[in-house]
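Per the working numbering, the sequence shown starts with residue 75, numbered consecutively.
Glycine included, each C-beta is placed from N, C-alpha and C at the ideal position.
Notes for the one structure printed next.
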Amino acid sequence: MVNLIARRPPVDPSSMKATDINLLNFTRPHMRALHVSWICFHIAFTGWFAVAPLLPTIKKDLNLTDAEIGDCNIAALSSSIIFRILAGPLCEKFGPRRVMAGFLILGAIPTACVGFVQSANSLIAARFFVGILGATFVSCQFWSTQMFSPNTVGGANAIAAGWGNMGGGITYLLMPLVFDIFNKFLPANTAWRVSMLVPAVLCIIAGIFAYCFGDDCPEGDWSRRNLFPNDGYVQFGDKESKKPKIKQDMEMQIHRIPTVIHYLLVFINPNVVLMMVMYACSFGVEVAVDNVISIFLTSEFGISQITAGLFGSIFGLLNIFSRLSGGLVSDFINRKMGVRGRLLVQFLCFFLQALFLILFKFMSESFASAIVLMACFSLFTQACCGTSFGIVPYLDPAATGIVTGLVGAGGNVGGLIFAAVFKAYAGDLRTGFMIVGLSVLTVSFIPFLMSIHGRTLVLGTVKRNF
């Protein structure tokens, strides 16, 4: 349950995880970790997407073609796939606090170096390494999963990732304004380069902040995890679940460094693969649209870079409640229907996302209708991210870091694919949006194929358990 109060959240004594989210509380370990995780992920976005709002100016300065801009966007997403896969095992070994700090500080270096590029190839190379900032998503989600119990983990993950993703919208507001300030004293071809120093410095500050002020887990430092015994029962969120509590704790609470065999088992778990595909069509859509929305608005409606940044920021700013709403609805239905309810909400959100993406092709001729439809598909795209990570903690609880990394990487694979779609349809982006929508529509039916701990969306409890 999410509450706007400052009192410490209640804690499940068997797992030491918080059972409520009290947003106005900032004390250690639970709520401070949640706030530190989303703030750091939010700032990581300012570096990861710093180039996108300034592409009209950068395109003119470096004489970039539409194809080169597409390659630039693909580079920023493709590298994050690698870093996200690595981030899961790193979180399992070193804890989310150190991994978050390390990625932020390392990512600040290529972000600053973007200001030195002189050609399309050097810009593509710089953005490739900036992609390390995208891996902060894994440590963000792993961190909140450590702090909150299964009955509220969907909401916690949605807040951490949603408010972090809101950094994409803030970046669309921030970077054109920063550029405009520097442009008053410097020529445009220098002002955008100096502007890159702002997100780089912010990332360094955030990395130090994460390391100094957060806790890895309820016990404090990662080296102290699982030092306290468990007893009693943990509610799995389903009346059909009657397993002994000590066994459920093994499944839902304890996180150890997995063996190589466990890595392989996670890779071949059908539910993990299916969730990777679904996250590719939610977060993947979000990051791909983040990279093209400014170019779309300026080219289609002839508005300025600052105006495009202002309206383009709506897509990211909706994360303040859209991803959270997906996680909260998933948690609520879970209390009524168990994990089947989470799968049902997943299907509905994906179906509605697809519907508005397809409508964008046919009903966005005017500027007003384009903004309204963009807001609609943004709402459900981000809600899908929230519902997805309401399900992720159930897929393989003993290897949460690996699963989070793989699903997160799936999101970037989707971003890569959809960035390629937008590149192929650079002259007709509306058709690109329709193709993305048709892909999401197909994927929306995946929840009907999933079986989580013997529970399916259509048949209820079955013997088969992936």
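As assigned by DSSP and simplified to three states, the class of residue i
| i | result |
| --- | --- |
| F519 | coil |
| F582 | Residue 582 is absent from the model: the chain starts at 75 and stops at 540. |
| R299 | coil |
| N304 | Residue confidence is low: N304 scores 44 on pLDDT, short of 50, so the model does not pin down where it sits. No coordinate-derived value is stated. |
| K258 | coil |
| N137 | coil |
| A124 | coil |
| D145 | helix |
| N77 | strand |
| C291 | strand |
| I95 | strand |
| Q309 | Only weak support exists for where Q309 lies, its pLDDT of 35 falling under 50; the coordinates are left without a value. |
| V85 | strand |
| I342 | coil |
| R529 | strand |
| E439 | coil |
| Q327 | The predicted model places Q327 with a pLDDT of 43, which falls under 50 and marks its position as unreliable; any figure quoted below should be read in that light. It is coil, neither helix nor strand. |
| D502 | coil |
| D405 | helix |
| R416 | helix |
| F100 | coil |
| L469 | coil |
| C355 | coil |
| M508 | helix |
| M90 | coil |
| M524 | coil |
From the options, residue whose alpha carbon lies closest to that of residue i
| i | options | result |
| --- | --- | --- |
| L431 | L447, E439, A354 | L447 |
| I465 | T226, K167, A209, V361 | T226 |
| D254 | T93, W266, G243, C165 | W266 |
| L108 | G238, I148, D364 | G238 |
| Y353 | I380, F370, R397 | R397 |
| F522 | L453, L348, I377 | L348 |
| V419 | L531, E439, W217 | L531 |
| K91 | S218, I526, G241 | S218 |
| I132 | E374, F190, G236 | F190 |
| I198 | I476, T139, I509 | T139 |
| R371 | E439, S399, S153 | A small fix is needed here, since residue 371 is Leu in this sequence, not Arg. The residue with the shortest Cα to Cα distance from L371 is E439. |
| F119 | A80, D470, G506, G236 | G236 |
| L426 | S154, S356, P170 | S356 |
| V413 | C187, T245, S462 | S462 |
| A284 | V517, V173, L392 | V173 |
| F157 | V188, R416, I113, F203 | F203 |
| G61 | C114, D135, G229 | Nothing can be reported for residue 61, as the shown portion of the chain is limited to 75 through 540. |
| V188 | A494, V212, F519, C146 | C146 |
| R529 | A493, M411, Y499, A500 | M411 |
| M437 | T264, M508, P292, V351 | M508 |
| I79 | D86, G482, N99, V85 | N99 |
| P261 | F123, W122, D135 | D135 |
Buried versus exposed call for residue i [16 or more other C-beta atoms within 10 Å across all chains shown]
| i | result |
| --- | --- |
| N195 | exposed |
| N77 | exposed |
| N486 | buried |
| C286 | exposed |
| D295 | exposed |
| I143 | buried |
| S297 | exposed |
| K313 | The predicted model places K313 with a pLDDT of 40, which falls under 50 and marks its position as unreliable, so this point remains unresolved. |
| I342 | exposed |
| D502 | exposed |
| K435 | buried |
| G243 | buried |
| R81 | exposed |
| A444 | buried |
| T101 | exposed |
| S88 | buried |
| S452 | buried |
| N137 | exposed |
| A141 | exposed |
| G401 | buried |
| T516 | exposed |
Nearest-angstrom beta carbon gap, residue j and residue i [assumed within contact, 8 Å]
| i | j | result |
| --- | --- | --- |
| V514 | V359 | 7 Å |
| L128 | M240 | The pair is not a contact, with the Cβ atoms about 19 Å apart (cut-off 8 Å). |
| C277 | L178 | 5 Å |
| S404 | G386 | About 28 Å; that fails the 8 Å criterion. |
| A150 | R201 | 4 Å |
| M221 | P103 | 7 Å |
| A449 | I388 | 6 Å |
| M524 | N231 | M524 to N231, Cβ: 18 Å. No contact. |
| V340 | V477 | 6 Å |
Any C-beta of chain D under 8 Å from that of residue i
| i | result |
| --- | --- |
| S218 | Any reference to chain D falls outside this structure, which holds one protein chain only. |
Give, in chain order, every unbroken run of the alpha helix (DSSP H) that is at least 4 residues long and sits entirely within the stretch 222-276.
Within the stretch 222-276, the complete alpha helix (DSSP H) runs of at least 4 residues are 227-257, 262-269.
Going residue by residue through the stretch 160-203, where are the continuous alpha helix (DSSP H) segments of at least 4 residues, counting only ones entirely within it?
Note on the stretch 160-203: whole alpha helix (DSSP H) runs with a minimum of 4 residues are 170-187, in chain order.
Which runs of the alpha helix (DSSP H), 4 residues or longer, sit entirely within the stretch 359-394?
The stretch 359-394 contains these whole alpha helix (DSSP H) runs: 379-391.
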